[in-house]
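**Q** Before I ask anything, here is the structure I am working with.
Numbering (this note's numbering), first residue to last: 34 to 342.
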């Protein structure tokens, strides 16, 4: 948001102007719109002239191509030029739709019913979610989803490095989780997951959360990320057991022996295992006819003494 410097105009101070679209984004969209008009007009004009030349004279075909290309180029210029406004409307789409539905319902209810019935219906619609804890928690969770989308946009606009054109990441949608919220974001050129991992503590402070985790939401697209906003711990919460309702409080308590917990190991009490080794069979040696052991056969590898005599 930028404010104009105060100046004297007709004896009064001029009122400061507030910009909705950043100047960098405004200049970038104007430049891209001109390029989109030129490219679309040239391509559509050439294609239309080539097709028309098969049926009419080439000069007439050129006029036909020009007549077709100008409206198409103007449409492309308009879409690119109003893209920052469309993105701003996308950020506020849930709030706009919710406001339109509530206003339409109130008008229809007030038109077709009496004042007493209208007040009764409004009291029921507002009182039931406030009185029932489960409904109240669901409403609060979805409200935080709407808040987190805008808090992330503030983070991206303040300290996230933008690309040359100044376009911010596109915040898609958010859903509640048991610990907080989960938001899906589509990055624009100039940002990556590594740029966001070093700023998670700042994002957590901006989103009023305890911590923030970010990871890729698609294996095939690095620009599609998932933010997990963590606000509370569910694993450390106190959980009531239904077994306490089953126990009869009037049942007499039984005396149970106190278990003996060993504090040390007494080695003499440990019986050593008995290990039995297998008996090796004895080898039978061959004997000669007279009962004497045969002489060992001479080695074939021994040296022949006759070679040295």
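Backbone N, C-alpha and C define an ideal beta-carbon position, used for all residues, glycine too.
Skipping 5 residues on each side, what residues in its chain have a beta carbon closer than 8 Å to that of residue 148?
**A** In the chain shown, the residue the question calls residue 148 occupies position 115. Within the same chain, residue 148 has no close Cβ partners at all.
**Q** How should residue 273 be labelled, buried or exposed, when 16 other C-beta atoms within 10 angstroms of its C-beta is the threshold for buried?
**A** Looking up residue 273 in the chain shown gives position 240. Label assigned to residue 273: exposed.
**Q** Give the DSSP-derived three-state secondary structure of residue 192 in the structure shown.
**A** Locating residue 192 in the chain shown gives position 159, where the first residue counts as 1. DSSP places residue 192 in coil when its eight states are reduced to three.
**Q** Just verifying my parser: in three-state terms, what is the DSSP assignment at residue 247?
**A** Translated into the one-based positions of the chain shown, residue 247 becomes position 214. Looking at residue 247 - three-state DSSP - the assignment turns out to be strand.
**Q** Is the beta carbon of residue 102 closer than 7 Å to that of residue 77?
**A** Numbered from its first residue, the chain shown carries residue 77 at position 44. Numbered from its first residue, the chain shown carries residue 102 at position 69. The answer is yes: Cβ separation under 7 Å.
**Q** Taking residue 124 as part of the alpha helix (DSSP H), name the residues at either end of that continuous run.
**A** Position 91 of the chain shown, counting from 1, holds the residue named residue 124. Its alpha helix (DSSP H) spans residues 116-124.
**Q** Could you have a look at residue 218 and say whether DSSP puts it in helix, strand or coil?
**A** Here residue 218 is taken as the residue at index 185 of the chain shown, counted from 1. Reduced to three states, the DSSP call for residue 218 is strand.
**Q** For residue 192, count the other beta carbons within 10 Å of its own beta carbon; 16 or more makes it buried, fewer makes it exposed. Which is it?
**A** Taking the first residue of the chain shown as 1, we reach residue 192 at position 159. So residue 192 ends up on the exposed side.
**Q** Looking at the secondary structure, which residues open and close the alpha helix (DSSP H) in which residue 234 lies?
**A** Mapped onto the chain shown, residue 234 falls at position 201. Run containing residue 234: 233-239, per the alpha helix (DSSP H) assignment.
**Q** Between residue 120 and the rest of its own chain, which residues show a CB-CB distance below 6 Å, the 5 nearest in sequence each way excluded?
**A** Along the chain shown, read from residue 1 onward, the residue named residue 120 stands at position 87. No residues qualify anywhere along the chain.
**Q** Please report the straight-line C-alpha distance between residue 62 and residue 105, rounded to a whole angstrom.
**A** For the purposes of this step, residue 62 is taken as the residue at position 29 of the chain shown. For the purposes of this step, residue 105 is taken as the residue at position 72 of the chain shown. Taking the straight line joining both Cα atoms gives about 18 Å.
**Q** Smallest Cα separation from residue 85: which of 266, 99 and 225?
**A** As a first step, residue 85 is located in the chain shown; it is residue number 52 there, counting from the start. Nearest C-alpha to residue 85: 99.
**Q** Can you tell me whether residue 214 is buried or exposed? The criterion is at least 16 other CB atoms within 10 Å of its CB, across all chains shown.
**A** Residue numbering aside, residue 214 sits at position 181 when the chain shown is read from its first letter. The residue is buried, with at least 16 neighbouring Cβ atoms inside 10 Å.
**Q** Among all the DSSP beta bridges, which residues are the ones paired with residue 206?
**A** Walking along the chain shown from the start, residue 206 turns up at place 173. Paired residues: 217.
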